[in-house]
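Contents: one structure, followed by commentary.
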Amino acid sequence: MQICRDRQAMRDWRRQAGLVALVPTMGALHDGHMSLVAHARDWLDARGGGRVAASIFVNPAQFGPNEDLAAYPRDEENDLRLLRDAGCDAVFLPSVADLYGPGAQTAVEVTGLSRILMGRLRPGHFRGVATVVTKLFNIVRPDAAAFGEKDYQQLAVIRRMVADLDMPVEILPVPTMRDADGLAMSSRNRRLSPAERAAAPVLNRALDRGARMVADGAGVPAIRAAIRRIIAAEPLAGIRSIDIRDAADLSRIAAIQRPVVILLAVRLGDVLLIDQRVAQPKGDFDVC
Ligand code: PAF
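Just so you know, UniProt numbering puts 107 at position 107 of the sequence shown, and the rest follows in order with no gaps.
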């Protein structure tokens, strides 16, 4: 596995790499990330083969002033071992100084999608994500890039950006990986105390209930109330937001007539966990 610690090294590797699928990450890798690598590999194999590149970069631009960038978990040695074992061909590990040169003043923002939902809780977050993903795409020039469905709004922002800016990259959405008790895998889970970790599957239980109610034809207020009750029964959990939106474009809905996505943001101690579930009312629909 080739380790590229700056933009020049990455560009040099890319020139001889053929078809490339990129897995952008912020490190602290787990099985969810390995599933992104596996999807990237499958996409390449279906096209006759190619190289998987991952990036590890804790992006300061997507952390707000009150969010603890310094506390974000970092474990480079373990990350490199996992990527090597998963058959990754190259990893891009730029420094902040290398990626954001002096005097940088350009940002990319998907204006509508970035300012709703998590974008209201974390102003500037999605502008930071869109900017760094654009930079990664410009440096690595991947043919495809894999992103987890757990970060549903992030995926929507990136798809919109790629479509709006005619970026020649196919976006590969990858289903959420869960621990045996249903907790969505996330690098943030390792910051939970044992008691918070034991409480955290409440998000998945609430989503299960919400999805069943959507299938049974319940309305938005009743579903939100049921989800709120389940989470409120867990003393360590603090609800930040419960949203039920159109699954295709995250627009508001009054009645559920098409597939919806239920989006949760719940605080456990210092850690903000997010999770999501796409749910279908009875009938035949396509989610795009
Ligand atoms: O999902 C993440 O890990 C990050 O937001 C991403 C896409 C790597 C951009 O920093």
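Beta carbons are placed, not taken as given, at the ideal position from N, Cα and C, and that holds for glycine.
In this text the structure is predicted, and so the values were computed from the model without any measurement.
Per DSSP, which one or two residues make a beta bridge with T176?
Along the sequence shown, read from residue 1 onward, the residue named residue 176 stands at position 176. Looking at the DSSP assignment, T176 forms no beta bridge with any residue, so it has no partner.
Burial state of C4 (16 or more Cβ within 10 Å):
As a first step, residue 4 is located in the sequence shown; it is residue number 4 there, counting from the start. Burial call: buried.
Cut-off 7 angstroms between Cβ atoms - residues of its own chain near C288, not counting five sequence neighbours on either side
By 1-based counting over the sequence shown, the position of residue 288 is 288. Interpretation of C288 is limited by its pLDDT of 49, a score under 50 that renders its predicted location unreliable; the figure taken from the coordinates is listed afterwards. These residues qualify, in order along the chain: A248.
Label N59 either buried or exposed according to how many other C-beta atoms from any shown protein chain fall within 10 Å of its C-beta, with 16 as the threshold for buried.
Stepping through the sequence shown from its first residue, residue 59 is reached at position 59. N59 comes out buried.
Whole-angstrom C-beta distance between L113 and R160, which should lie under 8 angstroms
Translated into the one-based positions of the sequence shown, residue 160 becomes position 160. Translated into the one-based positions of the sequence shown, residue 113 becomes position 113. Between L113 and R160 the Cβ distance is about 6 angstroms, and since that is below 8 angstroms, they are a contact.
Tell me, please, whether the segment 96-106 touches the segment 34-54 by the rule of three or more beta-carbon pairs shorter than 8 angstroms.
no
Quick one: grab the DSSP three-state call for V202.
Here residue 202 refers to the residue found at position 202 of the sequence shown. Reduced to three states, the DSSP call for V202 is helix.
Close-in-space but distant-in-sequence residues of the same chain around D156 (CB under 8 angstroms, 5 per side omitted)
On the sequence shown, residue 156 is found 156 positions in, with the first residue counted as 1. For the record, residue 156 in the displayed sequence is Ala; it is not Asp. Correct list, in chain order: L113, D249, L250.
Residues bridged to G148 (per DSSP)
As a working mapping, residue 148 is identified with position 148 in the sequence shown. The partner list for G148 (beta bridge, DSSP) reads V174.
Any heavy atom of ligand 1 inside 7 angstroms of the beta-carbon of V202?
Counted from its first residue, the sequence shown places residue 202 at position 202. No, the Cβ of V202 stays beyond 7 angstroms of every heavy atom of ligand 1.
Find the nearest neighbour of A215 within the set Q257, P24, L80, judged by alpha-carbon distance.
Position 215 of the sequence shown, counted from the start, is the residue given in the question as residue 215. The shortest C-alpha separation from A215 is found at Q257.
Count the other C-beta atoms from every protein chain shown that fall within 10 angstroms of the C-beta of N66, then say buried if there are 16 or more, exposed otherwise.
In the sequence shown, the residue the question calls residue 66 occupies position 66. Under this definition N66 is an exposed residue.
Nearest to D179 by alpha carbon, out of G32, A9, V23?
Stepping through the sequence shown from its first residue, residue 179 is reached at position 179. Closest option to D179, Cα to Cα, is G32.
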